[in-house]
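Each remark here refers to the structure printed beneath this line.
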Amino acid sequence: MSRITSTRLSDSRELIYFDDPGTPERTPESLVDHRGLPARGEPGEVRYDALSGDWVAVAAHRQSRTHLPPADQCPICPTTAANPSEIPAADYDVVVFENRFPSLGPALGDIPPLPAPGTSGHGMTGPAFGRCEVVAFTPQHTGSFAELGETRARTVIEAWAQRTEALSAMPGIKQVFPFENRGADIGVTLHHPHGQIYAYPYVTPRAAQLGAVARKYYDDVDAKETLAASLLKAEREDGSRMVLEAEHFSAYVPFAARWPLEIHLVPHRSVPDLAALTGAERDELSHVYLDLLKRLDSLYPTPMPYISAWHQAPLDPVLRPAGQLHLQLTSPRRAADKLKYLAGSEAAMGAFINDTTPEAVAERLRSVAAAPASPKTLEGTRA
Ligand SMILES: [Zn+2]
1 MSRITSTRLS DSRELIYFDD PGTPERTPES LVDHRGLPAR GEPGEVRYDA
51 LSGDWVAVAA HRQSRTHLPP ADQCPICPTT AANPSEIPAA DYDVVVFENR
101 FPSLGPALGD IPPLPAPGTS GHGMTGPAFG RCEVVAFTPQ HTGSFAELGE
151 TRARTVIEAW AQRTEALSAM PGIKQVFPFE NRGADIGVTL HHPHGQIYAY
201 PYVTPRAAQL GAVARKYYDD VDAKETLAAS LLKAEREDGS RMVLEAEHFS
251 AYVPFAARWP LEIHLVPHRS VPDLAALTGA ERDELSHVYL DLLKRLDSLY
301 PTPMPYISAW HQAPLDPVLR PAGQLHLQLT SPRRAADKLK YLAGSEAAMG
351 AFINDTTPEA VAERLRSVAA APASPKTLEG TRA
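The numbering of the sequence shown is the UniProt record's numbering, which starts it at 1 and goes up by one.
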């Protein structure tokens with residue numbers, strides 16, 4: 001088990017060390033932030049978009065946030081005399097802390113209910129309740145998640161699971177979303193390998209859309225299986241889009257992939273979120289997830305920009321029983337030097353046009369498993 005040690009930064013933000021198994025206890029000095037930061041501000045605002053029924057967070061204060069700082073001023077490197085960073089310790093394994101420039105929070109609570117029948121809800125606002133956390137994957141400033149060892153990856157999974165459980169229990173939280181944006185092409189503002197966790201005070205538009213479809217299927221089959229489980233079974237039987245199959249997880253390119261590169265990694269057991277995974281499942285996930293990221297980086301001469309999005313069942317009582325944990329790993333890269341931009345059809349209409357076939361992408365992802373950059377192949381994979 002990883003060792004968990006919690007503390008508070010000088011502006012009262014929570015910071016939690018997740019140290020690899022066998023690591024000595026944290027020294028008192030690694031728990032004290034000497035910077036004397038100013039008190040935190042009030043949350044921004046959420047506005048109700050009466051046209052779509054979506055909430056939009058308005059976070060103008062984030063304009064002042066750190067943007068691609070030089071390495072010697074990195075806010076998530078360990079603290080040194082010259083760089084008193086966000087992390088008071090001289091060393092760490094994995095650390096999670098509240099974002100200093102959050103788009104949601106720090107206050108928690110319930111946002112207004114949906115508009116009453118016969119009213120549009122135009123002009124409705126609320127505080128941007130919620131919480132935004134940063135997850136530093138490693139004390140090393142350069143590198144990537146794919147280069148972490150399995151022990152460290154397992155500690156990150158432990159952090160995601162623990163934070164999912166803790167954030168899900170906070171007042172007003174409706175959805176917990178761990179994710180990683182990787183690469184400047186995706187708009188990353190810090191090079192240091194890290195991810196984020198957003199705890200929203202509403203079910204996000206995408207989760208609401210997927211959740212409604214999943215709930216309808218679940219009702220239609222009398223709650224016998226989730227939609228995600230049904231799709232996983234169909235993909236495994238078909239085989240043409242499978243990327244890997246292990247004991248507890250399988251990954252495939254979805255039948256109607258929207259992105260040039262899109263992989264769904266799904267647990268064989270129907271679980272709502274990362275917190276519900278067993279120790280054996282988390283162990284395997286650390287291996288399988290690294291395997292997938294290495295395959296992505298094997299496809300082109302330069303590292304793959306990607307968005308790694310953990311879809312967890314919303315906390316909404318109607319949607320949750322039909323929801324299932326799965327990862328959607330996507331990249332806009334469509335050639336070594338070409339990115340897909342979301343233009344008219346996608347950005348304005350949400351109507352995706354994919355220039356590649358999912359079967360060809362799956363074939364490529366299976367074939368790179370044997371490449372030197374990805375030496376480990378799981379037993380039982382089709383690669
Ligand atoms: Zn750094």
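Built from N, CA and C at the ideal position, the CB exists for glycine as well. Values in this document were obtained by computation on a predicted structure and should not be read as measured data.
Query, Result
"Distance CB(ARG282)-CB(ASP185) smaller than 9 angstroms", "no"
"Buried/exposed call for MET242, threshold 16 Cβ in 10 Å", "buried"
"Those residues which DSSP pairs with THR5 across a bridge", "TYR17"
"Any non-hydrogen atom of ligand 1 within 8 angstroms of ALA82 CB", "no"
"Beta-carbon spacing of ASN354, ARG258 below 9 angstroms", "yes"
"Check: ALA89 C-beta below 8 angstroms from any heavy atom of ligand 1", "no"
"TYR217 to GLN196 span [Cα, whole Å]", "31 angstroms"
"Euclidean distance between Cα positions of ALA373 and LEU232", "Note that ALA373 scores 45 on pLDDT, short of 50, meaning its location in the model is unreliable; the coordinates nonetheless yield the value given after this. When rounded, the distance between both Cα atoms is 27 angstroms."
"ALA348 versus THR142: straight-line alpha-carbon distance, rounded", "36 angstroms"
"Chain-ordered list of residues that sit, by beta carbon, closer than 6 angstroms to a heavy atom of ligand 1", "CYS74, ILE76, CYS77, HIS141, HIS192"
"Close-in-space but distant-in-sequence residues of the same chain around PHE352 (CB under 7 angstroms, 5 per side omitted)", "ARG258, GLU346"
"Segment contact, 8 angstroms Cβ cut-off, at least three pairs: the segment 243 to 255 with the segment 197 to 217", "no"
"Extent of the continuous alpha helix (DSSP H) to which THR164 belongs", "150 to 168"
"C-alpha gap between LEU378 and LEU167, whole angstroms", "Annotation note: pLDDT 33 at LEU378 (below 50); position unreliable, no value reported."
"Nearest-angstrom Cα separation, counted from THR226 out to LEU319", "11 angstroms"
"Straight-line Cα distance separating ALA322 from ALA81", "51 angstroms"
"Endpoints, the alpha helix (DSSP H) within which HIS287 is located", "279 to 298"
"Reduced DSSP secondary structure (H/G/I, E/B, other) of MET349", "helix"
"Separation of VAL56 from SER6, as counted between CA atoms", "32 angstroms"
"Range covered by the beta strand (DSSP E) that runs through TYR200", "194 to 200"
"Cβ neighbours of ALA128 in the same chain (closer than 6 angstroms, five flanking residues each side left out)", "PRO43, GLY44, GLU45, VAL46, ALA57, LEU104"
"PRO88 and VAL32 closer than 9 angstroms at C-beta", "yes"
"Beta-bridge partners of CYS132, as assigned by DSSP", "TYR198"
"Contact check, VAL203 vs ASP316, beta carbons under 9 angstroms", "yes"
"Run of the beta strand (DSSP E) containing TYR217, from where it starts to where it stops", "Run containing TYR217: none in the beta strand (DSSP E); it sits in the alpha helix (DSSP H), 205 to 220."
"Top-ranked residue by Cα proximity to ILE4, from GLY109, ARG163, ARG13", "ARG163"
"Exposure label - GLN73; buried when at least 16 CB within 10 Å", "exposed"
"For ASP291 and TYR17, the rounded distance between their alpha carbons", "25 angstroms"
"Start and end residues, beta strand (DSSP E) containing GLU45", "45 to 49"
"Exposure of MET1, with buried meaning 16 or more beta-carbon neighbours within 10 Å", "exposed"
"Near ligand 2: SER10 beta-carbon under 8 angstroms from a heavy atom", "Ligands present in the displayed structure are limited to ligand 1, and ligand 2 is not among them."
"Closest residue to PRO102 among VAL95, PRO171, TYR200, ASP19 (Cα-Cα distance)", "TYR200"
"Beta bridge counterpart(s) of TYR92 as assigned by DSSP", "DSSP output for TYR92 lists no bridge partner at all."
"For PRO314 and SER331, believed in contact at Cβ under 8 angstroms, the rounded distance", "Their Cβ separation, rounded to whole angstroms, is 25 angstroms, which puts SER331 and PRO314 out of contact at 8 angstroms."
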